[in-house]
Each structure stands twice: as C-alpha cells, then as structure tokens.
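Number of protein chains: 2
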Amino acid sequence: MPVGTQATVKGLTQRDLSEDLGVRLLLANTYHLYLRPGHELIRKMGGLHRFMSWPHAILTDSGGYQVFSLSGLREIDEHGVLFRSHLDGELHTFTPQSTVDVQIAFGSDILMVLDECTAYPVSHEYARESMHRTVGWARQACARLRHLAKEISTRHALFPIVQGSMFRDLRRECAAALRDLDADGYAIGGLSVGEPRPLSMEMVEATEDLLPRARPRYAMGVGMPEELAEYVARGVDMMDCVLPSRNARNGCLFTSEGRLIIKHARYRDDERPIDERCQCYTCTRYSRAYLRHLFLSGEILYVVLATRHNVRRYLDIMSEIRQAILSGSFPEYLRCVRAVSEDAG
Amino acid sequence: MPVGTQATVKGLTQRDLSEDLGVRLLLANTYHLYLRPGHELIRKMGGLHRFMSWPHAILTDSGGYQVFSLSGLREIDEHGVLFRSHLDGELHTFTPQSTVDVQIAFGSDILMVLDECTAYPVSHEYARESMHRTVGWARQACARLRHLAKEISTRHALFPIVQGSMFRDLRRECAAALRDLDADGYAIGGLSVGEPRPLSMEMVEATEDLLPRARPRYAMGVGMPEELAEYVARGVDMMDCVLPSRNARNGCLFTSEGRLIIKHARYRDDERPIDERCQCYTCTRYSRAYLRHLFLSGEILYVVLATRHNVRRYLDIMSEIRQAILSGSFPEYLRCVRAVSEDAG
Numbered sequence: 003m004p005v006g007t008q009a010t011v012k013g014l015t016q017r018d019l020s021e022d023l024g025v026r027l028l029l030a031n032t033y034h035l036y037l038r039p040g041h042e043l044i045r046k047m048g049g050l051h052r053f054m055s056w057p058h059a060i061l062t063d064s065g066g067y068q069v070f071s072l073s074g075l076r077e078i079d080e081h082g083v084l085f086r087s088h089l090d091g092e093l094h095t096f097t098p099q100s101t102v103d104v105q106i107a108f109g110s111d112i113l114m115v116l117d118e119c120t121a122y123p124v125s126h127e128y129a130r131e132s133m134h135r136t137v138g139w140a141r142q143a144c145a146r147l148r149h150l151a152k153e154i155s156t157r158h159a160l161f162p163i164v165q166g167s168m169f170r171d172l173r174r175e176c177a178a179a180l181r182d183l184d185a186d187g188y189a190i191g192g193l194s195v196g197e198p199r200p201l202s203m204e205m206v207e208a209t210e211d212l213l214p215r216a217r218p219r220y221a222m223g224v225g226m227p228e229e230l231a232e233y234v235a236r237g238v239d240m241m242d243c244v245l246p247s248r249n250a251r252n253g254c255l256f257t258s259e260g261r262l263i264i265k266h267a268r269y270r271d272d273e274r275p276i277d278e279r280c281q282c283y284t285c286t287r288y289s290r291a292y293l294r295h296l297f298l299s300g301e302i303l304y305v306v307l308a309t310r311h312n313v314r315r316y317l318d319i320m321s322e323i324r325q326a327i328l329s330g331s332f333p334e335y336l337r338c339v340r341a342v343s344e345d346a347g
Numbered sequence: 003m004p005v006g007t008q009a010t011v012k013g014l015t016q017r018d019l020s021e022d023l024g025v026r027l028l029l030a031n032t033y034h035l036y037l038r039p040g041h042e043l044i045r046k047m048g049g050l051h052r053f054m055s056w057p058h059a060i061l062t063d064s065g066g067y068q069v070f071s072l073s074g075l076r077e078i079d080e081h082g083v084l085f086r087s088h089l090d091g092e093l094h095t096f097t098p099q100s101t102v103d104v105q106i107a108f109g110s111d112i113l114m115v116l117d118e119c120t121a122y123p124v125s126h127e128y129a130r131e132s133m134h135r136t137v138g139w140a141r142q143a144c145a146r147l148r149h150l151a152k153e154i155s156t157r158h159a160l161f162p163i164v165q166g167s168m169f170r171d172l173r174r175e176c177a178a179a180l181r182d183l184d185a186d187g188y189a190i191g192g193l194s195v196g197e198p199r200p201l202s203m204e205m206v207e208a209t210e211d212l213l214p215r216a217r218p219r220y221a222m223g224v225g226m227p228e229e230l231a232e233y234v235a236r237g238v239d240m241m242d243c244v245l246p247s248r249n250a251r252n253g254c255l256f257t258s259e260g261r262l263i264i265k266h267a268r269y270r271d272d273e274r275p276i277d278e279r280c281q282c283y284t285c286t287r288y289s290r291a292y293l294r295h296l297f298l299s300g301e302i303l304y305v306v307l308a309t310r311h312n313v314r315r316y317l318d319i320m321s322e323i324r325q326a327i328l329s330g331s332f333p334e335y336l337r338c339v340r341a342v343s344e345d346a347g
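So the protein sequences, as listed, match chains A and B. Residues in the first sequence are numbered from 3 upward in steps of one, following this note's numbering. Residues in the second sequence are numbered from 3 upward in steps of one, following this note's numbering.
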C-alpha cells in the first residue's frame with residue numbers, strides 16, 4: 003500500500019495512482035487527518051474517499067504509532083491515551099472507541115484498532131503490560147464497531163494489532179488472545195522501531211502458526227524492497243511503507259538492479275531511464291540526466307517523477323511475488339532475491 | 003506560453019502539459035539552463051526537446067532579463083555583458099553571438115536575441131544608449147544565426163526585442179530599426195519592470211503600426227488574466243508569464259469569476275471545484291475543501307493540482323480570445339472583460 007498520510011500520496015494525483023499505477027488500496031493516517039482537517043469535516047464532505055477523490059479502498063491506521071512517535075507529552079492508561087498535537091500543542095484523547103468512531107467518520111474500508119507501539123528496546127515487564135492493554139483495547143474496539151454496525155449501512159473491516167515488542171512469548175500470547183476476536187484480518191505492529199532486521203523477521207515468524215491463515219495479515223510499516231519477499235515467506239499478505247515515496251524525495255531510487263542515488267555525477271549525461279526494465283511513466287519518458295538536473299534544481303517535477311517510479315517498483319515486486327506464488331516458483335524466487343541481496347550487501 | 007524556467011513547468015509532467023492541457027509551445031530560460039545543467043550537456047543529450055522529453059515547440063529567452071535581475075556584479079559594453087552566476091558567483095559572458103550559439107545547442111524552435119532590459123525608471127539618455135546597443139546586438143545575433151544556418155539542417159526562428167524603456171520615441175526608433183532585419187517575429191521587451199500598467203499598454207501601442215503585421219508579436223513577461231485581451235487588442239499574438247504557476251503555488255487561483263485565495267476559512271467545507279465552468283483535471287475531480295487542506299498541509303499535490311488549473315485558465319482565456327476574433331465579436335468580448343475587471347476593481 004502506498005502511504006497517503008495527509009489524504010495524498012506526496013506528489014501523485016489520484017489518477018496517477020489509480021490508472022497509471024493500478025493501486026487499489028491506499029493507507030491514510032488517522033492521527034494526522036483527525037488533527038487536520040478533522041474527522042467531522044471529512045464526514046461532512048462525504049467521507050475520505052469523496053474528500054480526496056479516491057475511487058478504491060482505503061486503510062487507516064489507528065493513530066497509535068503517531069501518538070507515540072510524533073506527539074509531545076502523553077499519558078496512557080487502560081482507557082486510552084492523552085496527547086498533545088504536534089501542530090499546535092492542544093490536548094487530545096484517543097480511546098479504543100473514539101478511534102473507531104474517527105475511522106468510521108472517514109468511511110475507511112479497513113480500520114485498525116488503537117494500539118500501543120512500544121519503543122525499542124523495552125523491558126519484558128513493560129512490554130507485557132502494554133501488550134495486555136493493546137489486547138483489551140482491541141476487544142473494546144471490536145465491540146464498538148459491532149455496536150456501530152447496527153446503525154450504518156456500509157461494511158468495514160477492523161484489524162487488531164499483534165504487539166509484544168521483541169519477545170516471542172508475548173507475541174504468541176497476544177496473537178492467541180486476538181485470534182479469539184475472529185477479526186477480518188490481523189496486523190503485526192511494533193516492527194521497524196529500530197530493532198535489527200533479523201529480529202523483525204523472528205517476531206513475524208513467532209505468530210505465523212497462530213494467526214488464522216484464511217484472513218489477511220498485515221505487517222505495518224515495512225520494508226525495504228529486498229525484504230518484501232521475506233515477509234511474504236513468513237505469511238504476510240499486506241505491507242505499507244513510506245520508503246518508496248520518502249526515498250524518492252531524498253534522491254534514492256529503487257531499481258531491479260539495486261539502489262540508484264540520482265545526484266551522483268556519473269548520471270550527469272546518462273541517457274538511460276532509472277531502470278531499463280521498468281515500464282512506469284518516468285522510465286518510459288525521462289533520462290537519469292534529466293532527473294538529476296531536476297533533483298539538483300530542487301524542482302517539484304523531480305518528486306512527482308521519482309515517486310511515481312519508486313511506488314511502481316514496489317508494486318512490481320509484489321506482482322512478481324504473486325506471480326511466483328501462483329506458478330509454484332516462490333521458493334526459487336526467494337533464493338534469487340537473497341542471492342542478489344547478499345551480492346549487493 | 004507556460005513558463006518552464008529550468009526545463010520543467012513546476013509541478014506538471016510533460017504529459018499533463020501536452021495531452022491534458024494541449025500546450026504546443028513552452029518557454030524555457032537560457033540564463034538558467036546555460037548555468038545548469040549547461041548548454042553543452044543539453045546538446046550532448048540531443049537538445050532540449052529530447053532532454054526534457056517535450057514533443058512540441060520551445061521558445062527560449064535571451065537570458066538578458068535574468069542577467070539584469072538575478073545576477074550580481076555585471077559589466078556591459080557593446081560586445082556583451084559580463085555577469086556573476088547567482089548559483090556559485092562564477093564569472094560568465096553573454097554576447098549576442100554566444101546566446102545564439104547557446105540556444106542553438108538547446109535546439110530551440112524560437113530564439114531571442116540578447117537584449118538589455120533596463121530598470122524602471124531610467125533616464126531618456128540611458129534608455130537611448132541601451133536601446134541602440136540592443137539594436138546592434140540584434141543585428142549581430144541575426145548575422146550569427148545566418149552564418150550557423152549554413153551548417154545545421156534544422157530551422158530556427160529568431161526574434162529581436164523592441165526596447166526603449168517607457169519612451170515612445172525610443173520604442174518607435176527601435177522598432178523601425180529592427181523591422182529592417184526582416185525577422186521571423188518580434189518581441190516587445192522591458193515591460194512588467196515595475197511601471198504602471200497603462201504605461202505598459204502605451205508602450206505596446208507605440209510600435210503597433212511599425213512592426214510587420216504578418217509576423218508574430220510577442221509581449222514578454224505579461225500579464226494578469228484580465229490583461230491578456232488588452233494586449234491582444236494592441237496587436238500582441240504571444241505572451242509568457244510566471245503568474246499562473248507562481249500564483250498557484252502561493253495559493254491564488256484564477257477563475258472565470260475572479261481570484262480565489264484558497265487558504266480562506268470560507269473554503270473549509272466548500273465542496274465546489276475551484277471554478278464550476280472549468281474542465282481541467284483539478285476542477286473535474288477535486289473540491290476547494292480538499293485543495294485548501296492540501297495547501298495548509300504544505301502538500302506537493304496542492305502545487306500539482308493548482309498549477310494545472312491556473313495554466314488551464316490562461317489557455318482557456320486565450321482560446322476565448324481566438325474564438326471571439328474568428329467570430330468577429332472580439333470588440334464585444336473586450337468590453338465584457340473590461341466591465342468585469344472594473345467591477346472587481
């Protein structure tokens with residue numbers, strides 16, 4: 003899923019996303035949109051799909067991660083979290099019920115339950131206490147959606163989030179408890195918080211046999227291009243990450259042959275596209291030399307073209323993975339990805 | 003002509019410009035592209051059209067205006083101008099011959115001769131001396147292109163530039179001298195340098211009967227939306243201006259009913275498009291409320307969508323003008339524009 007934090011994937015129009023890139027599911031951020039422009043305004047405007055003119059599906063996160071990473075002073079207890087807006091310092095409260103209400107105001111297709119995303123590293127004791135709180139919140143959020151479902155005609159999925167920091171026993175205890183909620187899908191949170199990558203993989207593996215196989219599993223906030231197949235190999239169906247768009251803006255382009263840092267002098271007169279195997283609008287029309295010129299000139303068109311390519315690269319990788327699974331060659335595909343990745347490393 | 007200073011109209015892809023907006027002629031800046039990425043690189047990349055992936059025509063200015071407005075220390079004599087780059091302070095020289103060479107390296111379809119664009123106000127004495135220099139440079143530039151034309155297979159138009167500050171006699175003397183060059187077209191420069199608008203109009207009128215009517219006339223760096231018809235009424239065929247794109251970025255949108263300042267609170271929950279009569283991609287898909295949200299959030303997509311609308315507005319005005327001329331109703335059209343403009347004023 004491309005990330006559309008503020009109800010926009012930075013630099014891409016909704017037509018670029020839908021028609022050129024074939025995106026069918028976007029992520030938007032509950033925390034950001036709750037603060038600005040506000041969920042009541044979005045509700046009044048006919049929901050997030052209509053507000054941002056997006057004809058396909060939207061997943062919104064719970065806001066938990068942003069509360070813990072962006073906001074100032076916060077107090078947390080079993081009822082929810084009190085936090086200061088990073089925009090104006092005002093105090094706000096998120097509860098498991100209120101974040102469901104906010105996401106229903108958005109009209110999100112897939113909602114996330116409020117969770118506590120612990121820092122890394124954290125003590126087993128705190129991780130356990132926090133995980134239990136997240137499980138309790140998931141129960142309350144599910145109850146809230148069941149209650150609301152009686153009043154609204156639209157259908158919405160709600161995913162609880164597996165937490166437990168980097169402790170295998172806590173992850174398993176959490177997944178087992180959440181499984182009882184019989185949710186539409188399950189998210190795996192608390193990854194990409196600074197831990198070494200083998201540990202992230204281990205934490206995904208920890209609950210592989212516990213989460214229901216017939217429901218989608220969503221690893222939140224991952225990963226690098228070469229990691230996507232690793233997560234899929236561990237049972238993950240969905241991922242979101244700001245990397246393709248953020249790295250594009252910073253001048254790092256992903257290609258089928260690795261990373262390309264566009265500012266490097268070697269691309270000054272390079273007539274080739276970013277990736278000769280890529281069929282995106284950028285690669286079929288523009289040279290590395292032109293993109294480098296736009297990047298060095300600080301031109302907006304650079305962001306537009308680079309983001310379009312990087313998002314396409316991620317979608318192409320996922321498409322390759324799906325194809326490999328369908329044709330029974332995924333183990334071989336994974337071996338190739340690992341070999342290339344080790345060569346590059 | 004939309005303005006593509008650095009070989010890009012800020013925020014718009016070449017496909018947006020060509021297919022969505024129907025643009026067939028873009029302006030690019032000789033001064034900027036000479037400094038970065040450099041005309042020799044652009045020549046090596048196959049010329050500006052290929053470098054920026056633009057399939058239609060390109061007009062490049064002479065660099066004169068930028069030398070006088072952007073660069074530091076400069077010395078001017080009859081041979082040309084010595085100036086410091088605003089990027090790194092390095093010294094460069096432009097001569098009437100060298101700016102033709104640079105624009106030929108770009109492969110521009112329409113080249114401008116090097117001119118001195120005087121500040122406003124300036125003495126009659128200085129304006130006269132400067133105008134004579136500009137006429138001399140135009141002769142040298144034309145001679146240079148005739149010389150080069152023997153060696154190159156492509157065809158290029160070269161426009162001399164009428165100067166003379168705000169002095170009617172100097173403008174007429176300049177136009178009469180330039181007419182003898184039998185050029186492909188004529189530009190009217192030195193406008194929009196801080197003078198009151200009636201004076202700009204007077205200066206265009208001053209040479210109306212002197213410039214050959216069968217050749218295009220290009221008023222450089224103008225104008226506001228309500229002024230376009232005024233220039234056309236004075237014989238102008240071509241204009242360029244950064245206003246549609248720059249104002250878009252600053253939050254000022256042009257509509258068929260006047261200006262719209264997108265940050266205003268009244269648009270907070272306004273579901274209407276920027277302009278209900280506009281058929282651009284932005285107006286057919288997005289609300290004022292969404293655009294305001296993007297603007298306040300500092301999102302790149304705001305620039306993309308707002309620029310697309312404002313450029314379309316300018317193109318629509320020019321299209322209305324052409325239609326009015328063809329149907330014989332231009333005088334009436336001009337009266338309407340003036341009435342609306344006076345109401346707004």
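Don't be surprised by glycine CBs; every beta carbon is placed ideally from N, CA and C.
Would residue i be called buried (16 or more neighbouring beta carbons within 10 Å of its own) or exposed?
i      : result
A/I327 : exposed
B/I106 : buried
B/R294 : buried
B/A216 : exposed
B/I44  : buried
B/A30  : buried
Measure the alpha-carbon distance for residue i versus residue j and round it to whole angstroms.
i      : j      : result
B/F140 : A/N312 : According to the sequence displayed, residue 140 of chain B carries Ala and not Phe. Answer to the nearest angstrom: the Cα atoms are 47 angstroms apart.
B/Y292 : B/M133 : 50 angstroms
B/P4   : A/P218 : 48 angstroms
B/L160 : B/A208 : 22 angstroms
B/L296 : B/R251 : 11 angstroms
B/F256 : A/E42  : 29 angstroms
B/A151 : B/L113 : 13 angstroms
B/R17  : B/H158 : 24 angstroms
B/G82  : B/V137 : 12 angstroms
A/F332 : A/I190 : 22 angstroms
B/K46  : A/I263 : 22 angstroms
A/V69  : A/T156 : 28 angstroms
B/H94  : B/E77  : 11 angstroms
A/G49  : A/A221 : 26 angstroms
B/S299 : A/Q8   : 8 angstroms
B/C144 : A/A346 : 55 angstroms
A/R287 : A/P275 : 8 angstroms
B/Y233 : A/R38  : 43 angstroms
What did DSSP end up calling residue i once you bin it into helix, strand or coil?
i      : result
A/R2   : This structure leaves residue 2 of chain A out entirely; chain A is present only between 3 and 347.
B/I78  : strand
A/A30  : strand
A/I276 : coil
B/H58  : coil
B/Y128 : helix
B/C254 : strand
B/V5   : strand
Hey, out of the options, whose CA is closest to residue i's CA?
i      : options                        : result
A/G13  : B/R310, B/C144, B/M47, B/E301  : B/E301
A/L28  : A/A267, A/H94, A/G91, A/M240   : A/M240
B/T62  : B/T10, B/G91, B/S343, B/H88    : B/T10
A/G24  : A/G237, A/E334, A/C282, A/A308 : A/C282
A/H34  : A/C119, A/S73, A/R52           : A/S73
A/C119 : A/Y304, A/G196, A/G237, A/I60  : A/G196
B/E21  : B/V342, B/R314, B/L245         : B/R314
What does residue i reach in chain A if we use C-beta pairs closer than 8 angstroms?
i      : result
B/V305 : I302
B/D63  : None at all; the shortest Cβ gap to chain A is about 17 angstroms.
Against residue i, what residues of chain B qualify as contacts under a CB-to-CB distance less than 7 angstroms, listed in chain order?
i      : result
A/Y288 : S55
A/L296 : T10
A/P39  : H295
Just to make sure I have the definition right: I need the residues of chain B whose C-beta is within less than 8 angstroms of the C-beta of residue i. Which are they?
i      : result
A/K12  : E301, I302, L303
A/R17  : Y283, R287
A/A140 : Residues of chain B passing the Cβ test: none, with the nearest at roughly 30 angstroms.
A/A291 : P39, L43, M47, F53
Residues of chain B with CB under 9 angstroms from residue i, in chain order?
i      : result
A/T209 : Within 9 angstroms Cβ-Cβ: nothing; A/T209 doesn't reach chain B, min ~36 angstroms.
Going along chain A, which residues have a C-beta under 7 angstroms from residue i?
i      : result
B/D271 : L43, K46, M47
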